[in-house]
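Asker:
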Amino acid sequence: MGTKSEILFQRARKIIPGGVNSPVRAGKAVGMDPPFIARAEGCFLWDADGNQYVDYVGSWGPMILGHSHPDVVQAIGDQIKNGTSYGAPTALEVELAELIIDMVPSMEMVRMVNSGTEAAMSAVRLARGYTGREMIIKFEGCYHGHADSLLVSAGSGVATLGIPGSPGVPKDLAQKTLSLSFNNMDEVRRAFEQYGSQTAAVIVEPIPGNMGVVLPNTEFLSMLRRITKDYGSLLIFDEVITGFRVSAGGAQELFGIMPDLTCLGKIIGGGLPVGAYGGRKDIMERVAPDGDIYQAGTLSGNPLAMAAGLATLKILQKGMIYPELEKRGRALFSGLEDAARSSGLKVVVNRVGTMGSMFFTDKAVTDFASAKKSHTGMFRAYYAEMLNRGIYLAPSAFEASFISIAHDEEVIQKTIESARESFRSLKGKVY
Ligand code: KE4
């Protein structure tokens, strides 16, 4: 017979690729079929069989206020009585745009889209159109959605042309993207010496969350700012994860670095599909219909999504919750680290505020190459132990875990205790 999740997964796999609408959800990286989620509230999820979990995925970042926050539910409920979509401008999108520009230091103009992929894809096209150049520089392990130009892996050796990161990405397009090592300033310098005059932009997650969490070396981001200016290239911060997550103004506020363009997503939709890109006015004015660089979207600025995003950002704009979020992030990740170490396990924890990862390794994790050296077999075993104890982690060693303001002291202590039990049961086994 099987559980409801198992039955749903069998049905799903017949008609949806891999049974999921986004690959990571299938749990292949942890060798476990996914629970199908039926509802969520605060920091909790319940699956189709009624099992309760403490949620550290948070829909991969959006749910910083926790699920079903009353203000967000109310805002969506009020708006839906006025219809779901008009395909026309509304006051709501103006209000949200003004709020984003008020909160994100480098933003002078902003365009709403429907996903982080659209935001990054549009920012790249805009950078190419504005500079008249075609080369893009990104970093291994950083993920900017699945647009062709950004699904590119590093060629062999430094500053060699990119290779398709997926079948279907045209080789000659991939060759217009260089994929370098994050935190490696020498590689960046060499790439600019070779391609700087052809480089439209560098796109970077200022605090990567897609190789697990990796912290930028203090000088790295400001060096990117300097060298892009020197060569007339643009600096694009992909803040789809870090925007409104690591501070009210994102990583650019935290580090005091002003990119030319910023990509946003996740939190700005309050859990509904929203992305955005924006930045310097002189660049954004090149976007259609005033400008000649085209980008469009049927559901861009959707009133329901705008209402949810507005309700979310109005709470975050006050900035009051970030000190408390920092306290909780520190409590959780230092607790997990202590729990692992007390079982004699070697772990490295990388954290900024309420986004963090634990790697099973005793070496620093500063880029994708070092992240890949961590023990993924041990992560898989840890993931299963925690899921069986009702702790829902991201099903991959190369993803970030997220805490919301709904994760209180009691839930954090329960999580740490579950980790302690999990590490004890892992001890001595081979993975
Ligand atoms: P979406 O197109 O998935 O809304 O956003 C793409 C994207 C862009 N930039 C960054 C920094 C991102 O992290 C993402 C998407 N993040 C992944 C998980 N890390 C989403 C999860 C998924 O693919 O299902």
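The sequence shown begins at 1 in my numbering and counts up one residue at a time.
Each residue gets a CB set at the ideal place from its N, CA and C atoms; glycine is no exception.
Everything numeric in this text was worked out from a predicted model, so none of it was measured.
(1) I'd like to know whether the C-beta atoms of residue 204 and residue 179 end up nearer to each other than 8 angstroms.
(2) Please determine whether the Cβ atom of residue 241 lies at a distance below 7 angstroms from any heavy atom of ligand 1.
(3) For a quick check, are the C-beta atoms of residue 274 and residue 305 less than 8 angstroms apart?
(4) Between 174, 208, 280, which lies nearest to residue 350 when the distance is taken from Cα to Cα?
(5) Do the CB positions of residue 104 and residue 262 come within less than 8 angstroms of each other?
(6) Can you give me the C-alpha to C-alpha distance between residue 170 and residue 81, rounded to a whole angstrom?
(7) Of all the alpha helix (DSSP H) runs that stay within the bounds of the region 217–251, which reach a length of 4 or more residues?
(8) Can you confirm whether the region 83–92 touches the region 107–124 when touching is taken to mean that 3 or more C-beta pairs between the two stretches lie within less than 8 angstroms?
(9) Can you check the region 309–347 for any alpha helix (DSSP H) of at least 4 residues that lies completely inside it and give the ranges in chain order?
(10) I want to see whether chain C comes within less than 8 angstroms of residue 355, judged by CB atoms only; does it?
(11) Using CA atoms only, rank isn't needed, just tell me which of 2, 168, 147 is closest to residue 120.
(12) Under three-state DSSP, which class holds residue 276?
(13) What is the rounded straight-line gap between the Cα of residue 340 and the Cα of residue 72?
(14) With a Cβ-Cβ cutoff of 8 angstroms, do residue 40 and residue 67 count as a contact?
(15) Enumerate in chain order the residues of its own chain whose CB-to-CB distance from residue 362 is below 6 angstroms, with the five nearest sequence positions on each side excluded.
(16) Between which two residues does the alpha helix (DSSP H) harbouring residue 131 extend?
(17) Excluding sequence positions up to five away, which residues of its chain have a Cβ less than 8 angstroms from the Cβ of residue 126?
(18) How would you write the range of the beta strand (DSSP E) that residue 286 sits in, first residue to last?
(19) Ordered along the chain, which non-local residues of its own chain (more than five positions away) have a Cβ less than 6 angstroms from that of residue 309?
(20) Pull the bridge partners of residue 350 from the DSSP assignment, please.
(21) Compare the Cα-Cα distances from residue 399 to each of 13, 56, 173 and report the closest residue.
(22) As an exercise, report each continuous beta strand (DSSP E) stretch of at least 3 residues that is fully enclosed by the region 132–208, in chain order.
(23) With H, G and I counted as helix, E and B as strand and the rest as coil, what does DSSP make of residue 65?
(24) Below 8 angstroms, can you find three or more Cβ-Cβ pairs linking the region 176–190 to the region 366–377?
(25) Quick one: does the C-beta of residue 209 sit closer than 7 angstroms to a heavy atom of ligand 1?
(26) Could you spell out the range, first to last residue, of the alpha helix (DSSP H) harbouring residue 72?
(27) Per DSSP, residue 45 forms a beta bridge with which residues?
(28) Return yes when the C-beta of residue 30 is under 7 angstroms from any heavy atom of ligand 1, and no when it is not.
(29) Could you pull the start and end residues of the alpha helix (DSSP H) that residue 94 belongs to?
(30) Could you pull the start and end residues of the alpha helix (DSSP H) that residue 11 belongs to?
(31) Given the structure, does residue 285 come close to ligand 1, in the sense that its CB is under 7 angstroms from one of the ligand's heavy atoms?
(32) Between which residues of its own chain and residue 375 is the CB-CB distance below 6 angstroms, once the five residues before and five after are set aside?
(33) From 401, 336, 78, 128, pick the residue whose C-alpha is nearest to that of residue 422; which is it?
(34) Taking the alpha-carbon positions, what's the residue 213 to residue 58 distance?
(35) What are the boundary residues of the beta strand (DSSP E) that includes residue 109?
(36) Tell me the DSSP bridge mates of residue 383?
Answerer: Concretely, from the data shown:
(1) no
(2) Within the cutoff, so yes.
(3) yes
(4) Nearest option by C-alpha distance: 208.
(5) yes
(6) 45 angstroms
(7) Annotation note: the region 217–251 contains the following uninterrupted alpha helix (DSSP H) runs of length 4 or greater, listed N- to C-terminal: 218–231.
(8) no
(9) 321–342
(10) In the structure shown, chain C does not exist; there is a single protein chain.
(11) 147
(12) strand
(13) Taking the straight line from one Cα to the other gives about 37 angstroms.
(14) Residue 67 sits close to residue 40, with the two beta carbons spaced by under 8 angstroms.
(15) These residues qualify, in order along the chain: 346.
(16) 116–131
(17) 261, 277, 283, 284, 286, 287, 293, 295
(18) That residue, residue 286, is in no beta strand (DSSP E); it is neither H nor E in DSSP.
(19) 96, 268, 269, 270, 274, listed in sequence order.
(20) 357
(21) 56
(22) 135–139, 177–180, 199–204
(23) coil
(24) yes
(25) yes
(26) 70–80
(27) 40, 53
(28) no
(29) Annotation for residue 94: the continuous alpha helix (DSSP H) segment containing it runs 91–103.
(30) Segment 4–15, the alpha helix (DSSP H) holding residue 11.
(31) no
(32) 360
(33) 336
(34) 15 angstroms
(35) 109–113
(36) Paired residues: none, contrary to the question.
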